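Heads up: the sequence shown begins at 1 in full-length UniProt numbering, then just goes up one per residue.
Cβ coordinates follow ideal geometry from the N, Cα and C atoms, glycine included.
Since the model is a prediction, treat every value here as computed from it, not as a measurement.
A short worksheet on the structure shown next.
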Amino acid sequence: MSAEPAESGDDTSAVVGLTTGALARRLGVSPTTLRSWDRRYGLGPAVRSQGRHRRWGPRDIAMAEEMCRLTATGAPPAEAARVARLRFGTAGPATPAAASGAASAAAYRPGGAGSGLPLGDVRQECRGLARAAVRLDAPELEQRLVEAVGRYGLVRTWEELMVPTLRAVGRKWESSGDRYVEVEHLLSWHISSTLRSVPLLLPRTAPPAGAPPVVLACTPGEQHTLPLEALTAALGARGVPTRTLGAAVPAEALLACVRRTGPVAAVLWSQTRSTASTPLARHVAGLEWGPSGARRRPVVLPAGPGWDRRAGAGFPHCSGLRDAVETLSGLYGDEGGVGHTHTG
């Protein structure tokens, strides 16, 4: 549904326009955010229909769009709302106050009209998530992430919403002289919180009784844990027991964990080539336990962009989260048995 212009030049006579929900979908924000802007900054529809329902006319929509644009470039919400009202709240040429407000807001527009996150061709929900991240709107981030997991499931949300937004923030960070660091940190925090909440958000299959786990660890020196957290959550939803060690696991600690837990597999995450250690992967793959004649070894799965063809040669390869979940789940038999590698 699109906004229809008023019959006269005065927008206050318009009775047909966008509902709050329709405008929220158009802008990629939540209806709660629009109501908050109206309550806090007076940035709301000038006209309400019978029954006090909000109807956003063309000028109201322009103000909301300007609010989104300014906050997405780093302007404080109160300042962005003031400038948006000055520009679109009254008809006629810009006043000196409006010009002053525009100059003030310009200080928060380092990249001009193109300073938003470089998302490319993504889902509309991804754009809404990005806007909330740039605005540092923590409640909006949390709500959008939880709703997405409930609607699309974890794997699809990770691949189509979380990862594209994280990559866009990373590209913006690299190209803007270390600005937007706070955006990346806030977004990563809320994605991590959502991943850890998956057992409360989605149905969960009970692990097979007595089944050995999958060990997940970042290689020594590797600090990027979100992909491992996503894999841990996805495996848990499939009933696969896990032991996740987190960031920068020392080699000795990883080897000790494998010896003590006897895992069906060990996932070694590396984000960069400098942290991908082929000797460590081979050492883990060579560990054995169990009685003589029935010795067992773990399947080692090098994961992440740090493992190129050379570093990951001789090991299984997975193209993404969905593939890794299927590969690791497939190591468990129908009755809880596990496809360990046996040696004589």
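Check                                                                                                                                                    : Outcome
CA-CA distance, Ala-14 and Pro-45?                                                                                                                       : Confidence is the limiting factor: at Ala-14 the pLDDT is only 40, short of 50, which leaves the residue's position unreliable and the question unanswerable from this model.
Quick one: grab the DSSP three-state call for Gly-210.                                                                                                   : coil
Specify, as a first and last residue, the run of the beta strand (DSSP E) that Ala-303 falls within.                                                     : 299-303
How is Trp-189 classed by DSSP in three states: helix, strand or coil?                                                                                   : helix
In terms of alpha-carbon separation, which member of Leu-331, Trp-289 and Asp-323 lies closest to Ala-303?                                               : Asp-323
Would you say Ala-313 touches the ligand FAD, meaning its beta carbon is less than 7 Å from a heavy atom?                                                : This structure does not include the ligand FAD; it has no bound ligands of any sort.
List, from N- to C-terminal side, the beta strand (DSSP E) runs of 3 residues or more that fit wholly inside the UniProt domain "HTH merR-type" (17-86). : none
DSSP on Val-267, reduced to helix/strand/coil?                                                                                                           : strand
Using DSSP with H/G/I as helix, E/B as strand and the rest coil, what is Arg-273?                                                                        : helix
Under a Cβ-count criterion, where at least 16 other Cβ atoms within 10 Å of its own Cβ denotes burial, should Ala-130 be classed as buried or exposed?   : buried
Using the C-alpha atoms, what's the distance from Gly-293 back to Leu-186?                                                                               : 52 Å
Taking the beta strand (DSSP E) that Gly-246 falls in, what are its first and last residues?                                                             : 242-246
The alpha helix (DSSP H) that contains Gly-286, what's its start and end?                                                                                : 278-286
With burial defined as no fewer than 16 other Cβ atoms inside 10 Å of the residue's Cβ, what is the status of Leu-235: buried or exposed?                : buried
Inspect the CB distances between the region 191-201 and the region 222-232 and report whether three or more fall short of 8 Å.                           : yes
Hey, could you find the ends of the alpha helix (DSSP H) Cys-318 is sitting in?                                                                          : Counting along the chain, Cys-318 falls outside any alpha helix (DSSP H), and DSSP gives it neither H nor E.
From the DSSP secondary-structure annotation, give me the bridge partner or partners of Cys-218.                                                         : Trp-269
For Gln-124 versus Gly-21, is the C-beta distance shorter than 8 Å?                                                                                      : no
Less than 8 Å between the C-beta atoms of residue 345 and Pro-212, yes or no?                                                                            : The requested residue 345 does not occur in the structure, where the chain is confined to residues 1 to 344.
Please report the straight-line C-alpha distance between Trp-182 and Gly-286, rounded to a whole angstrom.                                               : The identity of residue 182 in the sequence shown is Glu, whereas the question assumes Trp. Between Glu-182 and Gly-286, the C-alpha separation is close to 42 Å.
Considering only DSSP beta bridges, list what Trp-289 is partnered with.                                                                                 : Arg-296
For Thr-157, does the three-state DSSP call read helix, strand or coil?                                                                                  : helix
Gly-312: buried (16+ other C-beta within 10 angstroms of its C-beta) or exposed?                                                                         : buried
For Gly-306 versus Thr-275, is the C-beta distance shorter than 8 Å?                                                                                     : yes
Can you grab the Cα-Cα spacing for the pair Val-249 / Gly-153, in whole Å?                                                                               : 29 Å
Along the chain, where does the alpha helix (DSSP H) that runs through Val-146 open and close?                                                           : 138-152
Are the CB atoms of Arg-243 and Val-215 nearer to each other than 8 Å?                                                                                   : yes
Alpha carbons only, please: which of Gln-143, Phe-88 and Ser-188 is nearest the one belonging to Pro-227?                                                : Ser-188
Anyone know if the C-beta pair for Met-63 and Leu-34 falls short of 8 Å?                                                                                 : no
With H, G and I counted as helix, E and B as strand and the rest as coil, what does DSSP make of Arg-179?                                                : coil
What does the alpha-carbon distance come out to for the pair Ala-133 and Leu-331?                                                                        : 38 Å
Which whole-angstrom value is the C-beta distance of Leu-119 and Cys-126, which I expect to be below 8 Å?                                                : 6 Å
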